[in-house]
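The structure under discussion appears below in the form of C-alpha coordinates.
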Amino acid sequence: MQAYIVAVIILIVAAACDYKTRRIPNLIIIAGYITAFATMLLLNEEEFYIYFIRALWPIPALFIFYFLKGNIF
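With the working numbering applied, the sequence shown closes on residue 91, and no number is skipped along the way.
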(Lines of atoms letter the chains of each structure in order from A and count residues from 1; the text may use other names and numbers.)
(Lines give C-alpha, C1' and ligand atoms only; values in the text may rest on other atoms or scores of the structure.)
Protein backbone atom coordinates (compact mmCIF):
# COMPACT_ATOMS: atom_id res chain seq x y z
CA MET A 1 0.00 0.00 0.00
CA GLN A 2 2.81 2.40 0.82
CA ALA A 3 4.39 1.83 -2.58
CA TYR A 4 1.16 2.96 -4.25
CA ILE A 5 1.15 6.13 -2.17
CA VAL A 6 4.75 6.83 -3.20
CA ALA A 7 3.81 6.20 -6.83
CA VAL A 8 0.92 8.67 -6.62
CA ILE A 9 3.20 11.28 -5.04
CA ILE A 10 5.73 10.77 -7.85
CA LEU A 11 2.96 11.20 -10.43
CA ILE A 12 1.76 14.40 -8.77
CA VAL A 13 5.30 15.81 -8.73
CA ALA A 14 5.78 14.80 -12.38
CA ALA A 15 2.50 16.45 -13.38
CA ALA A 16 3.42 19.63 -11.52
CA CYS A 17 6.85 19.76 -13.19
CA ASP A 18 5.29 19.11 -16.58
CA TYR A 19 2.72 21.85 -16.06
CA LYS A 20 5.30 24.37 -14.87
CA THR A 21 8.29 23.66 -17.14
CA ARG A 22 6.75 21.50 -19.92
CA ARG A 23 9.36 18.83 -19.05
CA ILE A 24 9.60 15.93 -16.65
CA PRO A 25 13.09 15.54 -15.20
CA ASN A 26 14.82 12.19 -15.70
CA LEU A 27 15.23 11.84 -11.94
CA ILE A 28 11.45 11.69 -11.51
CA ILE A 29 11.14 9.13 -14.29
CA ILE A 30 13.84 6.96 -12.71
CA ALA A 31 12.15 7.27 -9.31
CA GLY A 32 8.92 6.04 -10.89
CA TYR A 33 10.64 3.04 -12.43
CA ILE A 34 12.32 2.17 -9.13
CA THR A 35 9.02 2.45 -7.27
CA ALA A 36 7.26 0.26 -9.82
CA PHE A 37 10.06 -2.30 -9.70
CA ALA A 38 10.00 -2.38 -5.88
CA THR A 39 6.22 -2.79 -5.91
CA MET A 40 6.50 -5.68 -8.36
CA LEU A 41 9.12 -7.39 -6.22
CA LEU A 42 7.17 -6.90 -3.00
CA LEU A 43 3.86 -8.09 -4.37
CA ASN A 44 5.46 -10.78 -6.54
CA GLU A 45 2.59 -10.60 -8.99
CA GLU A 46 4.52 -11.39 -12.13
CA GLU A 47 7.74 -12.92 -13.29
CA PHE A 48 10.65 -10.53 -13.62
CA TYR A 49 11.04 -10.84 -17.39
CA ILE A 50 7.37 -10.00 -17.99
CA TYR A 51 7.69 -6.85 -15.90
CA PHE A 52 10.96 -5.99 -17.64
CA ILE A 53 9.33 -6.18 -21.08
CA ARG A 54 6.33 -4.14 -19.92
CA ALA A 55 8.61 -1.54 -18.36
CA LEU A 56 10.88 -1.10 -21.37
CA TRP A 57 8.53 -1.07 -24.37
CA PRO A 58 7.58 2.63 -23.96
CA ILE A 59 11.20 3.71 -24.39
CA PRO A 60 11.59 2.66 -28.05
CA ALA A 61 7.95 3.52 -28.77
CA LEU A 62 8.31 7.08 -27.48
CA PHE A 63 11.78 7.54 -28.97
CA ILE A 64 10.04 8.32 -32.25
CA PHE A 65 8.48 11.42 -30.69
CA TYR A 66 11.82 12.41 -29.14
CA PHE A 67 13.52 12.03 -32.51
CA LEU A 68 10.87 14.21 -34.15
CA LYS A 69 11.14 16.75 -31.27
CA GLY A 70 7.42 16.30 -30.58
CA ASN A 71 6.43 17.78 -33.97
CA ILE A 72 4.24 15.06 -35.37
CA PHE A 73 1.80 17.28 -37.23
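Note that beta-carbon positions come from the ideal geometry of N, C-alpha and C, so glycine has one too.
Per-residue burial, Thr53 [other beta carbons within 10 Å of its own, 16 or more giving buried]: buried
Is the beta carbon of Ala49 closer than 8 Å to that of Ile77? no
On the three-state DSSP scale, how would you describe Leu86? coil
Find the nearest neighbour of Ala32 within the set Tyr22, Asn44, Leu60 and Phe85, judged by alpha-carbon distance. Asn44
Suppose you measure from the CA of Ala25 to the CA of Phe83; what does that come to, to the nearest Å? 25 Å
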